[in-house]
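Accompanying notes for the structure given below.
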Amino acid sequence: MIHEKRVLLKNLGKINPASIDDYEKAGGYKAIRKALDMNHLLVIDEMMNSSLRGRGGAGFSTGLKNKFTSESCLRCEQKYLICNADEGEPGTFKDRIIMENDPHLLIEGMLIAAYAIGASKAFVYLRGEYYRSIDMVTLAIKTAREKGYIGSKIFGSDFSVDIEIRLGAGSYLCGEELTLLESMEGKRGYPRIKPPFPAEKGLFGYPTLVNNVETLATIPVIIAEGSEWYSKLGIPESPGTKIFTISGDVANPGFFEVEMGTTLRDIVYGLAGGIKDGKRLKAMLLGGAAGTFVDETVLDTPMAYDSLKEKGAVLGSGAIMVLDETRSILCMTQSILEFFKHECCGKCVPCRVGTDRLVRMIKDINRGNENRFTLEEMVDEAGYIAKTSLCPLGQSPIMPLASLQRYFNDQF
Ligand SMILES: Cc1cc2nc3c(=O)[nH]c(=O)nc-3n(C[C@H](O)[C@H](O)[C@H](O)COP(=O)(O)O)c2cc1C
Numbered sequence: 353m354i355h356e357k358r359v360l361l362k363n364l365g366k367i368n369p370a371s372i373d374d375y376e377k378a379g380g381y382k383a384i385r386k387a388l389d390m391n392h393l394l395v396i397d398e399m400m401n402s403s404l405r406g407r408g409g410a411g412f413s414t415g416l417k418n419k420f421t422s423e424s425c426l427r428c429e430q431k432y433l434i435c436n437a438d439e440g441e442p443g444t445f446k447d448r449i450i451m452e453n454d455p456h457l458l459i460e461g462m463l464i465a466a467y468a469i470g471a472s473k474a475f476v477y478l479r480g481e482y483y484r485s486i487d488m489v490t491l492a493i494k495t496a497r498e499k500g501y502i503g504s505k506i507f508g509s510d511f512s513v514d515i516e517i518r519l520g521a522g523s524y525l526c527g528e529e530l531t532l533l534e535s536m537e538g539k540r541g542y543p544r545i546k547p548p549f550p551a552e553k554g555l556f557g558y559p560t561l562v563n564n565v566e567t568l569a570t571i572p573v574i575i576a577e578g579s580e581w582y583s584k585l586g587i588p589e590s591p592g593t594k595i596f597t598i599s600g601d602v603a604n605p606g607f608f609e610v611e612m613g614t615t616l617r618d619i620v621y622g623l624a625g626g627i628k629d630g631k632r633l634k635a636m637l638l639g640g641a642a643g644t645f646v647d648e649t650v651l652d653t654p655m656a657y658d659s660l661k662e663k664g665a666v667l668g669s670g671a672i673m674v675l676d677e678t679r680s681i682l683c684m685t686q687s688i689l690e691f692f693k694h695e696c697c698g699k700c701v702p703c704r705v706g707t708d709r710l711v712r713m714i715k716d717i718n719r720g721n722e723n724r725f726t727l728e729e730m731v732d733e734a735g736y737i738a739k740t741s742l743c744p745l746g747q748s749p750i751m752p753l754a755s756l757q758r759y760f761n762d763q764f
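In our numbering, the protein residues as written are 353 to 764.
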């Protein structure tokens, strides 16, 4: 019998998220005190040694990103930290769970990261429709500021930092870190060309660290318990825990925090109670719209970055959408491709024209005109878009389409 391993979510349901005192009684704000007693480079070393990988989807080393930002432009008078709380990936709601239930954990993680890189200003870029998260994080910032935990010379140290919230306006693309920077600067949500990366030239041209909510909420745990303790969780290839959000045709949908490397079978059949109404499993979409479809042959694969890659799948944001035998893979594909078309910003031609063409192709297939387009042609089209478009949104449709070719070719 599989059980959750609640490391990030350990306070969930046990403390009043609106009470800073509750958070402190549960051991909160000890990690930042410990961090401030350490040299900031040692804090970064702890992140490196933990082997934590970003939980926003790309899985980049958190320690390295901190190191790059800390070392970037040493003479710059300003550095920024941005918490990416846009959470736009379909099927993903893990960041909301953290913000609504333990907002001070996020604030503490942000304080530690800001100290590590030397940022005196931090922002939470928060999804505008997340009303309760906005309320909870706003309150957490207010109460932490009143206690002197945010502001000038925090906890009696020489380190000063302020945190503010900026609201997103409903664009999926604005969750992408460079587009997010444009949005934060008050501009239209168009992507920027990489390089330069945010660590080098980010918000208003200054070195900026952009990290996901779950990533930042993990940092107090690593500092409090030590990187050695943390890296023993999960599997060596992907240490730690991960919050998975599972939706669709399962008996018990919701969120589950488990050790990395837990199998899909344990999550879908163990924690989520299996397929509802006694039906059979058809497919699982891992990582959201920009994710990959898999079938039951992947059920015993450890949920971790590299082992999923071997199966042509991704962990992404940790979303798992389950489709039972009655669901149409083709309808689901159409829905995903319409999503990309709708969210395409229109800046570059390959993505603007290509996402529209993909929708026309799948509609054509769904109408039964099988002689006109094939899945192979759609994969080719998505491949051209991926190679020629400016930003990662254009590189996304190939993900689900290539996985369909591998696992569900017969459905087309
Ligand atoms: C189209 C698109 C949307 C994204 N949306 C989000 C998002 O809502 N939240 C998030 O944390 N990362 C999102 N990302 C990933 C970010 O660009 C970035 O990799 C992440 O915030 C880095 O944080 P991490 O290192 O902690 O994972 C998105 C990426 C793309 C391409």
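C-beta atoms are modelled at their ideal positions from N, C-alpha and C, and glycine is treated no differently.
Item: Rounded distance between the beta-carbons of Met751 and Lys670, thought under 8 Å; Value: The sequence shown places Gly at residue 670, rather than the Lys named in the question. With a Cβ gap of about 15 Å, Gly670 and Met751 do not count as contacting.
Item: Where Tyr582 sits in the DSSP three-state scheme; Value: helix
Item: heavy atom of ligand 1 below 6 Å from Val852 C-beta; Value: Here the chain has residues from 353 to 764 only, and residue 852 is not among them.
Item: Identity of the residues DSSP links to Val674 by a beta bridge; Value: Gly600 and Met636
Item: Alpha-carbon spacing of Leu457 relative to Glu441, whole angstroms; Value: 22 Å
Item: Residue environment, Met353, which counts as buried when at least 16 other CB atoms sit within 10 Å; Value: exposed
Item: Residues bridged to Phe475 (per DSSP); Value: Ile434 and Glu516
Item: Pairwise C-alpha distance: Asn604 and Lys628; Value: 8 Å
Item: Contact under 7 Å by Cβ, Gly443 with Ser599; Value: yes
Item: Cβ-based neighbour list, Phe420, same chain, cut-off 6 Å, excluding 5 preceding and 5 following; Value: Ala551
Item: Gly626 versus Ser509: straight-line alpha-carbon distance, rounded; Value: 51 Å
Item: Identity of the residue in Ile717, Ser687, Asp716 and Phe692 nearest Val705 by Cα; Value: Phe692
Item: Beta-carbon spacing of Tyr482, Ser590 below 7 Å; Value: no
Item: Any non-hydrogen atom of ligand 1 closer than 6 Å to Glu528 Cβ; Value: yes
Item: Beta-carbon proximity of Ala383 to Ile575, cut-off 7 Å; Value: yes
Item: Residue span of the beta strand (DSSP E) that contains Gly606, given as start and end; Value: Gly606 to Glu611
Item: For Ile587, the three-state DSSP class (helix, strand or coil); Value: strand
Item: heavy atom of ligand 1 below 6 Å from Leu368 C-beta; Value: As written in the sequence, residue 368 is Asn, which differs from the Leu given in the question. No, the Cβ of Asn368 stays beyond 6 Å of every heavy atom of ligand 1.
Item: Residues near Leu585 by beta carbon distance below 8 Å, same chain, minus five either side; Value: Lys357, Val359, Pro591, Gly592, Thr593, Glu611 and Met612
Item: Proximity test, Cβ basis, 7 Å: Leu393 and chain D; Value: Protein chains in the displayed structure number just one, and chain D is not present.
Item: Own chain partners of Ser583 with C-beta closer than 6 Å, once the 5 adjacent residues on each side are dropped; Value: Ser402, Ser403 and Pro591
Item: Span separating the alpha-carbon of Arg544 from that of Leu623; Value: 40 Å
Item: Three-pair Cβ contact test at 8 Å for the stretch 671–680 versus the stretch 630–643; Value: yes
Item: Of the listed residues Ile450, Cys526 and Lys417, nearest to Phe607 (C-alpha basis); Value: Ile450
Item: Contacts around Gly746, its chain only, beta-carbon distance under 8 Å, and the 5 residues preceding and following it disregarded; Value: Cys696, Cys700, Pro702, Cys703, Gly706, Thr707, Ile737, Ala738 and Thr740
Item: Check: Leu745 C-beta below 6 Å from any heavy atom of ligand 1; Value: yes
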